[in-house]
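All letters in the sequence shown, in the order written, are residues 1 to 138 by the numbering used here. Just so it is clear, CB atoms sit at the ideal spot from N, CA and C, and this is done for glycine as well. Source: prediction; values computed, not measured.
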Amino acid sequence: MMKKISKFTTLLIAFVLLVLLTAIYIFMWLFFGETAGQSTLFALLKSVDWPYFGVIFGSTTVYFLLLDLLSVFLVKHLRKGTLSGNFWTRYRRVHLTYLLLTIFLTIAISAPSSLMNTFTAIVSISVLVSNFTKPVDK
């Protein structure tokens, strides 16, 4: 009879397989991105000034984090005057909105225009799919 494999061994095998597949994917993406003779997303991402992008992302994140905390605090203060223990989970839509605004604004400020067009297309498609898949109100 076969011996039962422990959960730890299964998780370890899955983790090693995940790392291996990720490494293969990244290697193939880098190889085909370097050898492509046309303007690809890889070429666009390679042309981004990443240190500048990081500074813009950091400052935008701090700015929107402060706006997020301020807006949630004001809403909570105007309602009851106290903050509850489920502060982060209760206002997750507000937090998610500010997170998405942070990412979108960072890309809008510091990325090349062709990358911004690609990002806008991806966001538009995801919004379209989201609108088509949400349940219809009756």
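The C-beta distance from residue 64 to residue 118 rounds to 23 Å, too long to meet the 8 Å contact threshold. In the three-state DSSP reduction, residue 91 falls in the coil class, being neither helix nor strand.
For the pair residue 57 and residue 106, the CB atoms are nearer than the 9 Å cut-off. Straight-line measurement puts the Cα of residue 42 at about 13 Å from the Cα of residue 25. Going by beta carbons, residue 114 and residue 12 fall outside the 9 Å limit.
Residue 5 and residue 34 have their alpha carbons spaced roughly 42 Å apart. DSSP places residue 3 in the coil class of the three-state scheme, outside both helix and strand. Distance between residue 125 and residue 93, taken at the CA atoms: about 20 Å. Using a Cβ distance threshold of 9 Å, residue 123 and residue 104 count as a contacting pair.
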